[in-house]
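See below for the structure under consideration.
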Amino acid sequence: MIKNYMEDIVKKNMEEQFEKRDDICKCELCKNDIFAYSLNHLPPKYVVTDKGHIYTKLQEMEFQFNADVTREVLKAIEFVKKNKRHK
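Residue numbers (my numbering): 2 to 88.
Structure representation (structure tokens):
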């Protein structure tokens, strides 16, 4: 089965941001918008085998990789805050 491991990484990063900040709408619509915006601005990390999963986990430990994901999640949060699809 093919999996985009970036989805897991972005979800984890989003959860961390939601815990740190109280200025973010946490409704499902806004969460999904933040998730989609982030994924659309990051390269996919497809894995098929356990070896690919392990390699991607190792990459996740790299400082620059984490910084890139965090940057995009924060950009997504700000974009969604300014462009909410609800009142």
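By construction, the Cβ of each residue, glycine as well, lies at the ideal position given by its N, Cα and C atoms.
Assigned secondary structure, residue i (DSSP; H/G/I helix, E/B strand, else coil)
i, result
"Val48", "strand"
"Asn5", "strand"
"Glu34", "It should be pointed out that residue 34 corresponds to Asp in this sequence rather than to Glu. Asp34: helix per DSSP, three-state reduction."
"Lys82", "helix"
"Arg22", "coil"
"Met62", "coil"
"Lys12", "helix"
8 Å contact criterion, which residue i and residue j should meet: CB distance rounded
i, j, result
"Asn5", "Tyr47", "6 Å"
"Asn7", "Leu59", "Sequence check: residue 7 is Met here, not Asn. About 15 Å separates the two Cβ atoms, so there is no contact after all."
Distance CB(residue i)-CB(residue j) smaller than 7 Å
i, j, result
"Ile10", "Glu61", "yes"
"Leu43", "Glu20", "no"
Per the contact definition of three or more C-beta pairs closer than 8 Å, is the segment 22 to 37 in contact with the segment 70 to 85? yes
Any contact between the segment 21 to 29 and the segment 57 to 74? By contact I mean 3 or more CB pairs, one from each, below 8 Å. no
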